[in-house]
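Per the working numbering, residue 2 is the first one in the sequence shown, and the count goes up by one each step.
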Amino acid sequence: MTELPQLIANLLDPARFPDPAGEVELIQTHISWVLLAGGYAYKIKKPVDLGFLDFSSLERRRFFCHEELRLNRRLAADYYLDVLPIGGSPAAPRIGSEPAIEYALKMRRFPQAAQFDRLLAAGRLLPGQLDDLARRIADFHAAAAAAPAGSRFGGLALIAAEARENFASLRQALDAPAAMAGVEALAGWTESQLTRLAGVIEARRRAGRVRECHGDLHLRNLAWVDGRALAFDCIEFSEELRWIDVINEIAFLVMDLHAWQRPAMAWRFANTWLERSGDYAGVAVLRFYLVYRALVRAKVEALAADFAACRRYLALAAALKSGRRPFLLLTRGPSAAGKSHHSRWLAERLGAIRIRSDVERKRMLGLPAEADAAAPPGEGIYAPAVSRRVYRRLAELAGAVLQAGYPAIVDAVCATQAQRRQLGEVATRHGLPVLLVEFTASPATLRRRIRERPREVSDAGLAVLEAQLARWEPLDADEQARAITVPTDEAPDREALLAAIRARLE
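The following block contains the structure:
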């Protein structure tokens, strides 16, 4: 084991710390020492210059300690506390005194068992925790600074250079013919996507979708503490890796969940983030960034000489780039029939993007999803003109998802043939299949559910339900041929429903 620098060795003495410490534990990475002392962690940057980061001078270490504090307080203000000077001498260091011979970032500790990777490995990571994280990250992105006009960050030239560097490193590290064949296939696909998506990437940069993000959003940098999701350890050392498209940001965690073989969780997180942010246009670049993130991990593992892990990430990249033929799934059913509950479950298992009429209706009117906008039938958010706009918007968003190569699920009442036809045409005009899942329940069951359900996104009350039932238009013969009926008075067999959908798509 490499001998510790004198300063670090002497900081293993609990008496050196301003708070009661007990035994001091040291964790090392290639760029830092982290001293765990009592309820706090003290992070000291190593004096290294690795090219992609430079902590070689005391002033640079001071600067990046303050950057790390600034950046992480955006998402974890209660845990990133202060930057402290370390004075005295390496033989007798004094934390908090000056002149400084070093700097430490002081952080509040939380149990390592609370990290998302630990929770997932133990089978204790819950869907609601992913939902909380997705909403927090979407709100964080909405508030984050956008890259200045004319900035290179998130632009085509920088993205292409970073993607090509992945392949250069992989070519240098790998020599097995089978692995190299896979690398070259992925390189060819990446180049074709850079050409195809060039306009989209630049348009998103100009539209402000490149933001000062977290930069390293994966399971090991997430935790569940104090009843909420916590993201920590932002990238402070590289603006290029931090100022990125928000879809690039979420793609890291979506890819990571796939790498853990949890695709349903991956799509749960992605759909919750998309629903909160409304950035369905970003689905156009999602596949590119998923593959890019898997290739970054493959490169990291190759450089660490873990070639088995490298091959797993290469296989994941190949799987993520392929996808399946997209399709459109329309729900149909009155309020409280279970459309939203069951369509979310289906989206997670089908790898589909779900679009909810209740959410988009409010978004169009400038209202948050949780806002109370209850109105009588035909008025307010349920006015006919508003409903027509909503279905046009649903068709537009579903078309964008299908064009991006992903299945789309539209969660809406779809009471009239005109509404169903309007939505279905976005798929049929491109020769893509359309499925209709009709959720049914007795009027008595529907009324009981509406009376008993808690406040949620839908504001439909009993009067709205009665109006829906009064204008219910039956399915025509073509629709009936594409429809799967799901009674929900009792809990339906969702696995059977999933199997029926897949059989229709074969």
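Think of the CB as a built atom: it goes at the ideal place given N, C-alpha and C, for glycine as much as any other residue. The structure presented is a predicted model; accordingly, all values stated were derived computationally and were not measured.
For residue i and residue j, which I take to be in contact (beta-carbon distance under 8 Å), what is that distance rounded to the nearest angstrom?
i, j, result
"LYS47", "ALA105", "12 Å between Cβ atoms; not a contact."
"GLY303", "LEU175", "At residue 303 the sequence reads Ala, which differs from the Gly that was named. Confirmed, about 6 Å."
"LEU73", "CYS235", "Here residue 73 turns out to be Asn, not Leu, going by the sequence shown. ASN73 to CYS235, Cβ: 5 Å. Contact."
"TRP473", "ALA416", "6 Å"
"ILE202", "LEU254", "Between LEU254 and ILE202 the Cβ distance is about 20 Å, and since that is not below 8 Å, they are no contact."
"PHE168", "ALA144", "So it is not a contact: roughly 35 Å between Cβ atoms."
"LEU213", "ALA146", "Residue identity differs from the one stated: residue 213 is Glu in this sequence, not Leu. Yes, they are in contact, since the Cβ atoms of GLU213 and ALA146 sit about 5 Å apart, within 8 Å."
"ARG206", "ALA148", "7 Å"
"ILE32", "PHE56", "7 Å"
State the DSSP-derived secondary structure class of residue i, mapped to helix, strand or coil.
i, result
"VAL83", "Note that residue 83 corresponds to Asp in the displayed sequence, not to Val. ASP83 falls in the strand class under three-state DSSP."
"SER33", "strand"
"GLU302", "helix"
"ALA500", "helix"
"GLN420", "helix"
"LYS46", "strand"
"GLU26", "strand"
"LEU126", "coil"
"TRP473", "coil"
"LEU366", "coil"
"TRP1", "What the structure shows of the chain is the stretch from 2 to 507, and residue 1 is not part of that stretch, so it cannot be assessed."
"MET2", "Confidence in MET2 is poor, its pLDDT being 46 and thus under 50, which makes the residue's placement unreliable; the coordinate value appears in the next sentence. If DSSP states are grouped into helix, strand and coil, MET2 belongs with coil."
"PHE440", "strand"
"GLU103", "strand"
"TYR516", "Outside the modelled stretch of the chain, which goes from 2 to 507, sits residue 516, for which no answer is possible."
"THR486", "strand"
"PRO377", "coil"
"TRP268", "helix"
"TRP346", "helix"
"ASP236", "Inspection of the sequence shows that residue 236 is occupied by Ile rather than by Asp. Coil at ILE236, not helix or strand."
"TRP244", "strand"
"GLU213", "strand"
"PRO21", "coil"
"LEU198", "coil"
"GLY283", "helix"
"TYR39", "The amino acid occupying residue 39 in the given sequence is Gly; Tyr does not appear at that position. Three-state DSSP puts GLY39 in coil, outside helix and strand."
"GLY400", "helix"
"PRO94", "strand"
"LEU13", "coil"
"ASP176", "coil"
"ALA230", "strand"
"ARG333", "strand"
"GLY1", "Residue 1 lies beyond the range of the chain shown here (2 to 507); nothing can be said about it."
Tell whether a beta-carbon distance below 8 Å holds between residue i and residue j.
i, j, result
"LEU223", "PHE117", "yes"
"LEU403", "LEU433", "yes"
"MET266", "ARG294", "no"
"VAL211", "GLY151", "no"
"ARG348", "VAL360", "Reading off the sequence, residue 348 comes out as Ala, not Arg. No, the Cβ-Cβ distance between ALA348 and VAL360 is not below 8 Å."
"PRO91", "ALA101", "no"
"ALA139", "SER278", "yes"
"SER239", "LEU54", "yes"
"SER358", "VAL387", "no"
"ASP490", "ALA442", "yes"
"ASP217", "VAL247", "no"
"LEU296", "ALA260", "no"
"CYS66", "VAL49", "no"
"GLN130", "TRP268", "no"
"ILE451", "LEU395", "no"
"ALA252", "TYR314", "no"
"TYR80", "ARG119", "no"
"LEU351", "ARG263", "no"
"LEU447", "PRO335", "yes"
"GLU69", "GLU237", "yes"
From this set, the options, which residue's C-alpha is nearest residue i's C-alpha?
i, options, result
"ALA353", "GLY89, ARG394, VAL284 and CYS235", "VAL284"
"ALA445", "ARG172, ALA484, ALA337 and ALA188", "ALA337"
"ALA282", "LEU13, VAL297, GLY209 and GLU99", "GLY209"
"ALA508", "ILE236, LEU220 and GLU237", "Since the displayed the chain opens at 2 and closes at 507, residue 508 lies outside it and no answer follows."
"SER170", "ALA299, TRP225, ARG136 and GLU496", "ALA299"
"ARG362", "ILE382, ARG503, ALA497 and LEU157", "ILE382"
"GLU480", "LEU198, GLY425 and TRP473", "GLY425"
"PHE1", "ALA147, LEU463 and LEU498", "The structure shown does not extend to residue 1, since the chain is modelled only from 2 to 507, so the question has no answer here."
"GLY23", "ALA146, ALA42 and THR486", "ALA42"
"LEU321", "ARG288, SER341 and ILE96", "ARG288"
"PRO475", "ARG421, ALA500 and ASP494", "ARG421"
Does the ligand MN have even one heavy atom less than 7 Å from the beta-carbon of residue i?
i, result
"MET256", "With respect to small molecules bound, the structure shown includes none, and the ligand MN cannot be examined in it."
Say whether the segment 185-198 touches the segment 35-42, bearing in mind that this needs 3 or more beta-carbon pairs closer than 8 Å, one atom from each stretch.
No: the two stretches stay apart, fewer than three of their Cβ pairs being nearer than 8 Å.
Mind the definition here: the segment 416-436 touches the segment 449-458 only if three or more C-beta pairs lie below 8 Å; say whether that holds.
The segment 416-436 makes no contact with the segment 449-458, as fewer than three CB pairs between them are under 8 Å.
I'd like to know if the segment 404-411 and the segment 370-378 are in contact, where contact means that at least 3 CB-CB pairs between them fall below 8 Å.
No: fewer than three Cβ pairs fall under 8 Å.
Counting pairs of beta carbons, one from the segment 408-415 and one from the segment 319-338, are three or more of them closer than 8 Å?
A contact is defined here as three or more CB-CB pairs under 8 Å, and the segment 408-415 meets this definition with respect to the segment 319-338.
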